[in-house]
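Just so you know, the protein sequences line up as chains A and B, in that order.
Numbering-wise (this note's numbering), the first sequence opens with residue 8 and increments by one.
Numbering-wise (this note's numbering), the second sequence opens with residue 22 and increments by one.
For each residue, glycine too, the CB sits at the ideal point set by N, CA and C.
All of these numbers come straight from a predicted model, not from anything done at the bench.
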Amino acid sequence: GAGVSQSPSNKVTEKGKDVELRCDPISGHTALYWYRQSLGQGLEFLIYFQGNSAPDKSGLPSDRFSAERTGGSVSTLTIQRTQQEDSAVYLCASSLVGAVSEQFFGPGTRLTVL
Amino acid sequence: KQEVTQIPAALSVPEGENLVLNCSFTDSAIYNLQWFRQDPGKGLTSLLLIQSSQREQTSGRLNASLDKSSGRSTLYIAASQPGDSATYLCAALQGGSEKLVFGKGTKLTVNP
């Protein structure tokens with residue numbers, strides 16, 4: 008069975024450009040999470056989806072960040088007008104029914120904003 | 022606000038040694054605690070999940086314990102191998118929340 012996949016694996020962009028990061032969760036997992044891992048900051052929660060709804064967006068750092076999930080499956084994290092401080096590894100995770108069940112992580116997308 | 026701390030930040034041991042990694046959390050009202058390993062440039066691999074009602078979980082050479090009252094969890098690795106070299110992260114799930122709060126990890130190096 009396939010695990011969580013993310014694309015692209017690496018993204019280099021110029022300051023001010025928009026980027027889209029994609030996450031394909033494990034089939035049948037209803038919950039999906041986005042995290043960000045920055046040097047020296049550790050892993051920080053961004054947003055949580057249950058199905059297509061996002062009951063918790065509290066970790067999104069600014070209104071330049073948005074995410075959607077369609078068909079209870081694929082999710083896209085969009086960062087508009089990227090800034091250098093957005094450079095980080097963006098990790099996606101999914102779990103069967105929510106965080107009370109084990110979270111499985113994808114390999115991440117390394118975003119570099121020049 | 023939940024805070025998760027892992028000490029030490031780095032640990033180097035010779036192959037074959039048994040070792041313990043520590044994780045502490047400030048708010049004992051957790052649903053569960055999960056241990057992960059992360060290899061350089063890679064995502065996280067789940068190792069063990071301990072529910073709040075459990076005291077420990079075992080998988081192969083790994084044993085994780087949870088003491089909610091003291092706000093501590095430990096990950097015990099028996100007979101360490103060079104392949105165990107990685108960063109180990111613990112994460113606590115707060116009751117009533119869907120957010121995992123992560124520690125900053127312990128970077129383990131097992132020397133042949």
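- Secondary structure of residue 133(B) (DSSP, three-state): coil.
- With contacts defined by Cβ atoms closer than 8 angstroms, residue 89(A) and residue 28(A) do not form a contacting pair.
- Annotated three-state conformation of residue 70(A) is coil, per DSSP.
- In this structure residue 47(A) is not in contact with residue 64(B), their Cβ atoms being roughly 19 angstroms apart against a cut-off of 8 angstroms.
- Proximity of residue 46(B) to chain A, defined by a Cβ-Cβ separation below 8 angstroms, is not satisfied.
- The region 46-111 of chain A contains, as complete beta strand (DSSP E) runs of 3+ residues, the segments 49-57, 60-63, 72-76, 82-86 and 95-102 (chain order).
- Look at the beta carbons and you see the region 39-53 of chain A touching the region 65-83 of chain A: at least three pairs across the two are nearer than 8 angstroms.
- Only buried fits residue 126(B), as 16 or more other CB atoms lie within 10 angstroms of its CB.
- Close to chain B, meaning a Cβ-Cβ distance shorter than 7 angstroms, are the following residues of the region 76-107 of chain A: 98, 105, 106 and 107.
- Against chain A, the beta carbon of residue 52(B) has neighbours under 9 angstroms at 106 and 107, listed in chain order.
- Going by DSSP, residue 9(A) is part of no beta strand (DSSP E) at all; its letter is neither H nor E.
- For residue 60(B), the secondary structure class from DSSP, reduced to helix, strand or coil, is coil.
- Taking a Cβ-Cβ threshold of 8 angstroms, the residues of chain A close to residue 55(B) are 109 and 110, in chain order.
- Sequence-distant Cβ neighbours of residue 60(B) in its own chain, meaning closer than 6 angstroms and more than five residues away, are 107.
- Less than 8 angstroms separates the beta-carbon of residue 43(B) from that of residue 27(B).
- Bounds of the beta strand (DSSP E) holding residue 88(B) are 83-88.
- Beta-carbon to beta-carbon, residue 114(B) and residue 100(A) are separated by about 12 angstroms, too far to satisfy the 8 angstroms threshold.
- Chain order gives no chain A residues near residue 68(B), where near means a beta carbon separation below 9 angstroms; the closest approach is about 10 angstroms.
- For residue 63(B), the C-beta contacts it makes with chain A under 8 angstroms involve 114 and 115, in order along the chain.
- Chain order gives no chain B residues near residue 23(A), where near means a beta carbon separation below 9 angstroms; the closest approach is about 27 angstroms.
- Per the DSSP secondary-structure output, residue 38(A) pairs in a beta bridge with 57(A) and 102(A).
- Comparing alpha carbon positions, the residue from 122(B), 132(B) and 111(B) closest to residue 29(B) is 111(B).
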